[in-house]
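K.L.:
Numbering (the UniProt record's numbering), first residue to last: 1 to 1126. Before we start, here is the structure in question, set down as structure tokens.
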């Protein structure tokens, strides 16, 4: 029997190998053009594959044969799709496999669409009819039927579902129900119309461009079927949309039912493969030397597709288009479908691609240089143009830098004044005159700036890049307006004392009125050798219009306006060229697409962004580069090269007007000017992107610490953005109603939760208040009478992490909690999180799905990470101070202050309260579950601790010195319970060890509780009697510890109870190190998930209104034969 099975497997392998030999032979024959040999080889291969699939195998060998059998079946189906063995082009064979929809037994939701596909008035079954008319492959028809069914059903359900409208919109803007389809059939018809309009939008534009009428049939659904069948077998020609439009345009007119069906695969053989052969022939083109032809001589898919943008393609049909694509002239070059874009790969090509940017920057550079030269001629304030090396008579572009009518004989009679209130030496010192000589300094009335500069150096103004006019005027105003008194040095010849001082008064406003008037005229007036600062002082905003007028005043004697006009003319010429190219030419602007309108608001934002950027660029370039270089270049141009080049250390000492030196001086500035737009773009992008990002709240949670702080707001955003929640809508509506009537903090995100206040309590003695996000509306679920009686207090005092979330608040938060836990589980499956991180980060959901009223939700433990240590440190510190103050005479007031201080410090952070009180509450719950009813008398002990916290008498009623020990003992107890084996029997050694360890640790916890309650004798007595109680958890008459065994087994076998134990252990032990995933990828994923909820994005629509994931894209698991090798 074994030998027979081995023989069957060996025969299967031999048949497969032999079939593959014939398949390869058939492919080779087909590629060489021998169709008869190819069909013969494929027929033999199909026979061998069918024999291999017909073999019988035993159950033992069945699994071994499945893989090879599937492979043989796949090849058999592929070959049948191309070469039909029987030649029958009838109905589609019965489908045995499917991708998503079982078309033999489809779900009810697809019935309306399938009904339309099978009940055409012209074709009947449209897919079968099209397959018979054009010879499409069977598998292609199956895939596209499933594809089109999914698309149309998705459209149908989207039309049947009303679009969501934000609550802020007016009711009149909501979509009326009258627009919804009347029934499923109407919805399916509308879906066909909608998909038809969307799918053939490009085809209609193509027809409009070629000025032909679209070739649609009488049935839009038939058009869709034909297009998807063409697309399904188009192979790489899916990249050529206009070719697909041509094929559809050519075939749609002939899509009529026929009595002579074509063989399956005829479409691929007669239409697609000939076009592909032309592409392949062009791609394999060789040079005369046998090397691959250069890329500029090879047509690619885009070049073939460009042919279908011309009317010449309409001379052919789908069956003869290969002739146009393969037509060549006498030289062997394409005749009809020529290569339209020849790319020359060189560095010049890259530069040419950015020609418009370079030209714009160059014209702007010329304009800025022209503006700077115009300003230098209109406002010749630079002192370097008046230096001694520039000669006595300097004229540039018609601008005189000296006064040709100046009279050096115009003396200043006041320059020798040594009496009166005018103090010329002090004035000279103030003006920066280094060598003041009475009768020589200020001896001539200045008539141009060169003469004024000979008297006053204006040293503070020399290094300024701008604002020199204001500096000149400020210097004169400051020095010529000084009034006061001071010590003056005098010499007494009779006494021989030459170092004597006397007090003198001075008033510089009386000094040299003629010289003063002339100096101000030189600076403010316009003319040869004058600075024209009355117009050029732009620090006075009212002078700017006058300055702009003077800049373009063509009546000026200098050539500044003409130079500036030339630079502006270059910019205007560039803009005119851009407009003309955009309107009339495709040579320089290139093809950028038709029917691509830009929204007006978007275009204005785009234009404003670039206008501001280029304005800043021009201001920066003019102020810090061009202006100073223009002034310096003018000075160097007019300097004597034989003298200037020697001191400049320039490498070329022979040059005309120092032009080579000036060129190298300008080269770096020119390069920076041509590139600095990229720098400004980077800066602007950061600024604009940051502002936009802050407005959209992108990256709101920049770290995991911030995520912890904002975590309680995330469920609200989740309900608002993703899930429609009735409770959330109710809360939002109520807040909207209450907002105008309340100005308190309670109208915002947070609320103050207050416990019961005793009537006799003063303001300073009011009980504990916890500031927390509005979550808790639940009571503790302890079943003891004491806990039930204090449930109101617990609900008010303890946050949601302690008492849990139930009721309406549970219904509000549970959608996000489920999504959050599911996200964490997926990350755990991807090994991004560890088991402990998964437990710490997850919500604890308590209760069954069918008992909503009893279900309860606990926030993740990572929120309180590290807060328990902070709380215990504060309590221990205050407890130590409280103990020392017990001996104080005025201890009552001091002890009250310590108690108040402790509560204020703890409640400053609500998470501290949740960590401290939550650890105690969860520990108590575990002890009650573990000890059971036999130790119900311990309830007063637990209740007293809770009342002490609520009544703010913890330091008075409890001994807080051993809180650390109590925490450690409790954590060890939780760990021991978690380590207890659940699958062991009661009498097993492992379970017995775990049981005795739990008993010992539980006794240690009771011992620490006795120390905590050492100030309460009655409660201590209860705790002392607990371990000695007979027939209970700690002492049993039999050695088997039956009661303790049952209690522990019940606890560890209940998943809900163990979840409480796990949560208690987490709250007791989690610290800041455990508060966030150690994997950076885990932190990134959780931050992204939370950040996405805070972003300003459209509201999520229902699943039925989702867009299809496939719109004419490669479909899942399609088997369409192009070639066996492929």
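Ideal Cβ positions, reconstructed from N, Cα and C, are used throughout, including at glycine. Computed from a prediction, not measured in an experiment: that's the story for all the values here.
(1) As a quick exercise: from 180, 275 and 1091, pick the residue whose alpha carbon is nearest that of residue 697.
(2) Can you name the residues that DSSP bridges to residue 844?
(3) Mind the definition here: the segment 668 to 685 touches the segment 618 to 626 only if three or more C-beta pairs lie below 8 angstroms; say whether that holds.
(4) Assign residue 1080 to buried or exposed, taking buried as 16 or more other Cβ atoms, counted over all protein chains shown, within 10 Å of its Cβ.
(5) Any contact between the segment 948 to 957 and the segment 873 to 886? By contact I mean 3 or more CB pairs, one from each, below 8 angstroms.
(6) For the segment 339 to 382, which segments carrying the alpha helix (DSSP H) assignment without a break, of at least 4 residues, lie completely within its bounds, in sequence order?
(7) Per DSSP, residue 993 forms a beta bridge with which residues?
(8) Which runs of the alpha helix (DSSP H) fall wholly inside the segment 649 to 701 and span at least 4 residues, in chain order?
(9) How would you call residue 254, buried or exposed, if buried means at least 16 neighbouring beta carbons within 10 angstroms?
(10) Residue 576 to residue 567, Cα distance in whole Å?
(11) Just the Cα atoms here: how many angstroms apart are residue 1026 and residue 935?
(12) Quick check: the Cα distance between residue 748 and residue 896, rounded to an integer number of angstroms?
(13) Mind checking who residue 334 pairs with in its DSSP beta bridge?
(14) Report buried or exposed for residue 509, applying the criterion of at least 16 other Cβ atoms within 10 angstroms of its Cβ.
(15) How many angstroms separate the CA atom of residue 662 from the CA atom of residue 629?
(16) Rounded to the nearest angstrom, what separates residue 474 and residue 467 at their Cα positions?
(17) Do the segment 905 to 913 and the segment 922 to 935 meet, that is, are 3 or more Cβ pairs less than 8 angstroms apart?
(18) Helix, strand or coil for residue 806? Go by DSSP, reduced to three states.
(19) Mapping DSSP to helix, strand and coil, what is residue 131?
(20) Per DSSP, what kind of secondary structure is residue 408 in: helix, strand or coil?
(21) Suppose you measure from the CA of residue 506 to the CA of residue 483; what does that come to, to the nearest Å?
(22) Leaving out five residues on either side along the sequence, give the residues of the same chain with a beta carbon under 8 angstroms from the beta carbon of residue 1034.
(23) Output the boundary residues of the alpha helix (DSSP H) element that contains residue 144.
(24) For residue 504, write down the residues that DSSP places opposite it in a beta bridge.
(25) Could you give the DSSP three-state label for residue 81: helix, strand or coil?
(26) Near residue 184, which residues of its chain fall below 6 angstroms by C-beta distance, leaving aside the five closest residues on each side in sequence?
(27) To the nearest angstrom, report how far apart residue 197 and residue 1082 are at their CA atoms.
(28) Quick check for students: name the residue ranges of the beta strand (DSSP E) that lie wholly in the segment 272 to 334, counting only runs of 3 or more.
(29) Helix, strand or coil for residue 569? Go by DSSP, reduced to three states.
(30) In the DSSP output, what is residue 882 paired with across the bridge?
(31) Near residue 335, what residues of its chain come up, given a Cβ to Cβ distance below 6 angstroms and the 5 sequence neighbours on each side ignored?
(32) Three-state secondary structure (DSSP) at residue 395?
(33) Pick out whichever of 50, 821 and 835 has its Cα sitting closest to the Cα of residue 858.
(34) Counting along the chain, where does the alpha helix (DSSP H) carrying residue 907 start and finish?
(35) Could you tell me the alpha carbon to alpha carbon distance between residue 263 and residue 270, rounded to whole angstroms?
(36) With a Cβ-Cβ cutoff of 7 angstroms, do residue 865 and residue 1067 count as a contact?
P.N.:
Concretely, from the data shown:
(1) Per the Cα distances, 1091.
(2) Looking at the DSSP assignment, residue 844 forms a beta bridge with 858.
(3) Touching, yes, given that three or more Cβ pairs across the two stretches are closer than 8 angstroms.
(4) Taking every protein chain shown into account, the CB of residue 1080 has fewer than 16 other CB atoms within 10 angstroms, so this residue is exposed.
(5) The segment 948 to 957, when compared against the segment 873 to 886, does touch it at the 8 angstroms Cβ threshold.
(6) Correct list: 347 to 353 and 355 to 378.
(7) DSSP, once it has assigned bridges, lists no residue as partnering residue 993.
(8) DSSP runs (the alpha helix (DSSP H)) wholly in the segment 649 to 701: 659 to 696.
(9) Classification for residue 254: exposed.
(10) Taking the CA atoms as reference points, residue 576 sits about 14 angstroms from residue 567.
(11) Going by the C-alpha atoms only, they are around 7 angstroms apart.
(12) Its pLDDT being 37, under 50, residue 748 is placed unreliably in this model, and the coordinates cannot settle the point.
(13) According to DSSP, residue 334 bridges with 328.
(14) So residue 509 ends up on the exposed side.
(15) Each residue's Cα considered, the two are about 9 angstroms apart.
(16) For residue 474 and residue 467, the distance between alpha carbons rounds to 11 angstroms.
(17) With the cut-off at 8 angstroms, the segment 905 to 913 and the segment 922 to 935 do not touch.
(18) Coil.
(19) It is helical.
(20) DSSP places residue 408 in coil when its eight states are reduced to three.
(21) Between residue 506 and residue 483, the C-alpha separation is close to 6 angstroms.
(22) Sequence-distant partners of residue 1034 (beyond 5 residues in either direction) whose C-beta falls short of 8 angstroms from its own C-beta, in its chain, are 999, 1002, 1003, 1026, 1027, 1028 and 1044.
(23) In the DSSP assignment, residue 144 falls within the unbroken alpha helix (DSSP H) covering 138 to 160.
(24) According to DSSP, which records beta bridges pairwise, residue 504 is partnered with 486.
(25) In this structure, residue 81 counts as helix in the three-state DSSP scheme.
(26) Its chain contains 112 as the residues whose beta carbon lies nearer than 6 angstroms to that of residue 184, once the 5 sequence neighbours on both sides are disregarded; these appear in chain order.
(27) Cα to Cα, the separation comes out at about 44 angstroms.
(28) Scanning the segment 272 to 334 from its first residue to its last, no whole beta strand (DSSP E) run of 3-plus residues comes out.
(29) In the three-state reduction of the DSSP assignment, residue 569 falls in the helix class, which pools H, G and I.
(30) None; residue 882 has no bridge partner.
(31) Hits under 6 angstroms: 327, 328 and 329.
(32) Looking at residue 395 - three-state DSSP - the assignment turns out to be strand.
(33) Distance check between residue 858 and each of 50, 821 and 835 places 821 closest, using alpha-carbon atoms only.
(34) Residue 907 -> alpha helix (DSSP H) spans 891 to 907.
(35) Rounded to whole angstroms, residue 263 to residue 270 spans 11 angstroms at the Cα level.
(36) With a cutoff of 7 angstroms on beta-carbon distance, residue 865 and residue 1067 are scored as not near each other.
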